[in-house]
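A.B. asks: First the structure, which I've put down as structure tokens, then a few questions once you've had a look.
Residue numbers (our numbering), protein chains in the order written: chain A, -14 to 97; chain B, 2 to 112.
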């Protein structure tokens, strides 16, 4: 595998379910990011981890819970989501600040 | 609150024509990024601009940054159909890992 990978690519869940999104980067980068992309809205930065420490948390509802066990892996744990949480969730990584981000293919999430 | 605005939001142009996409932002920053997103795909980095007056070119695309005007431009020269995509600019709040994206410009190049 190369670059940034995300699993699953598609996820349908009910509002009472618990699921997790996984991201893995094979680039040796130090920072990892979660973004939400909804139709007709700009990309929204959700969480940032640098060297496995959370450095940015953009007022995201607690039903989204990130986890970064090491510099190559990032998870987004989901529970009791709402239909408005349906979106494309993108993971990205970068070597540091002032560097381009490399994005994964995204997970298309649908909450019923 | 840092805001990043792109215009136009939609752009339909003929092959062979030139056009410019504008990215305005509301706070001091000298770190500006351009990305491309094809339908159903993820974002791909195009340019990284890290100082006032920075200019980068790749093929038919050229990006520039004017930090005093808080403006970046993405210029398209002699457009071809393969350039059809959505283009995003993003501003980094210096010294942080916080990136604010513009709403995107959906470009359609007509053959």
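In this text, a Cβ means the ideal position worked out from N, Cα and C, and glycines have one as well.
Tell me, please, whether the CB atom of residue 59(B) is closer than 8 Å to any CB atom in chain A?
C.D. replies: Cβ-Cβ to chain A under 8 Å: no for residue 59(B).
A.B. asks: Interface residues of chain A around residue 49(B) at Cβ under 9 Å?
C.D. replies: Those are 83, 84 and 85, listed as they occur along chain A.
A.B. asks: Output the boundary residues of the beta strand (DSSP E) element that contains residue 54(A).
C.D. replies: Residue 54(A) -> beta strand (DSSP E) spans 49 to 55.
A.B. asks: Identify, in the order they occur along the chain, each residue of the same chain with its Cβ nearer than 6 Å to the Cβ of residue 79(A), setting aside the five sequence neighbours on each side.
C.D. replies: So the qualifying residues of the chain are 14, 16 and 86.
A.B. asks: Just the Cα atoms here: how many angstroms apart are residue 49(A) and residue 23(B)?
C.D. replies: Those two C-alpha atoms are separated by around 34 Å.
A.B. asks: Are the stretch 64 to 74 of chain A and the stretch 87 to 95 of chain A touching by the rule of at least three beta carbon pairs closer than 8 Å?
C.D. replies: Short answer: they touch.
A.B. asks: Going by beta-carbon coordinates alone, are residue 3(B) and residue 28(B) separated by less than 8 Å?
C.D. replies: Result yes, Cβ atoms of residue 3(B) and residue 28(B) sit closer than 8 Å.
A.B. asks: First and last residue of the beta strand (DSSP E) that includes residue 25(B)?
C.D. replies: Counting along the chain, the beta strand (DSSP E) containing residue 25(B) begins and ends at 20 to 26.
A.B. asks: Using only the heavy atoms of the ligand ZN, determine whether one of them is closer than 7 Å to the beta carbon of residue 22(B).
C.D. replies: In the structure shown, the ligand ZN is absent, as is every other ligand, since no ligand is present at all.
A.B. asks: Would you say residue 27(A) reaches chain B, if we count a Cβ-Cβ gap shorter than 8 Å as a contact?
C.D. replies: At least one chain B Cβ lies under 8 Å of residue 27(A).
A.B. asks: Counting only Cβ pairs nearer than 7 Å, list the residues of chain A close to residue 103(B).
C.D. replies: Those are 27, listed as they occur along chain A.
A.B. asks: Who pairs with residue 58(A) in a beta bridge, going by DSSP?
C.D. replies: According to DSSP, residue 58(A) bridges with 9(A) and 55(A).
A.B. asks: Compile a chain-ordered list of the residues in the stretch 41 to 66 of chain A whose CB is closer than 9 Å to at least one CB of chain B.
C.D. replies: Cβ contacts with chain B come from 41 and 43.
A.B. asks: Give the residues of chain A in contact with residue 97(B), contact being defined as C-beta atoms less than 9 Å apart.
C.D. replies: Within chain A, the residues near residue 97(B) are 33, 40, 41 and 82.
A.B. asks: Drop a sphere of 10 angstroms on the beta-carbon of residue 36(A), count the other beta-carbons inside from all chains shown, and report buried for 16 or more, exposed for fewer.
C.D. replies: Its Cβ having fewer than 16 others within 10 Å, residue 36(A) is exposed.
A.B. asks: Among 43(B), 14(B) and 32(B), which has the Cα closest to the Cα of residue 54(B)?
C.D. replies: Looking at the Cα atoms, 32(B) is the closest of the given residues.
A.B. asks: For residue 13(A), would you say it is in contact with chain B, using Cβ-to-Cβ distances shorter than 8 Å as the test?
C.D. replies: Not an interface residue.
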